[in-house]
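Terminal number for the sequence shown in the numbering used here: 399, no gaps in between.
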Amino acid sequence: MTSVSPNSGAQGQSLPSVIITGSNFQTSATCSFGAGITVNSCTFNSATQLTANVTISSTATVGTRNVTVTNPDGQSSTLTNAFTVTSAGQRRRLP
C-alpha cells in the first residue's frame with residue numbers, strides 16, 4: 305500500500321469514499337482501519353486502487369491507525385499510521 309486519502313477523519317464521522325492505493329489488490333479484498341473504525345464496504349476498483357466506506361465511532365480513541373488490506377489469497381499489506389482519528393471538535397485536515 306502506498307496511500308490512503310483522505311488520511312484522517314473525526315470521531316462520529318462517516319467517510320463514504322476513502323481511496324486506498326497500492327499494488328496487487330485482488331477482487332474481494334478486505335480493508336481494516338483498526339479499533340473504533342467500522343469498514344462498511346471495501347470496493348475493488350483495480351489492482352492498484354480500492355475504495356473503502358468507513359464509519360468512525362464517536363468513542364474511537366484519537367490517534368493514528370494502521371490500515372491493512374487483505375487479499376482473498378491471504379496475502380496482506382499494512383501501511384503504518386496511515387489514518388488519523390481526530391476529536392469531533394477538530395476539522396478534517398486536507399491531505
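For glycine and all other residues, C-beta sits at the position ideal for the given N, C-alpha and C.
Between which residues of its own chain and residue i is the CB-CB distance below 8 Å, once the five residues before and five after are set aside?
i	result
S350	F329
G367	T388 and V389
Which residues in the same chain as residue i place their Cβ atom closer than 6 Å to its Cβ, once the five residues preceding and following it in sequence are excluded?
i	result
T382	N370 and T372
L319	G313 and V358
T342	T359
At what residues does the beta strand (DSSP E) containing residue i begin and finish?
i	result
S318	S318 to T325
F404	Here the chain covers residues 305 to 399 and nothing more, so residue 404 does not appear.
T306	Premise fails: T306 is in no beta strand (DSSP E) and is neither H nor E.
If you draw a straight line from the C-alpha of residue i to the C-alpha of residue j, how long is it?
i	j	result
P376	V322	20 Å
Q353	T325	5 Å
Q: Jot down the residue ranges of each uninterrupted beta strand (DSSP E) in the segment 355-381, minimum 3 residues, whole runs only, in chain order.
A: Along the segment 355-381, the beta strand (DSSP E) occurs as fully enclosed runs of 3 or more residues at 367-374, listed in sequence order.
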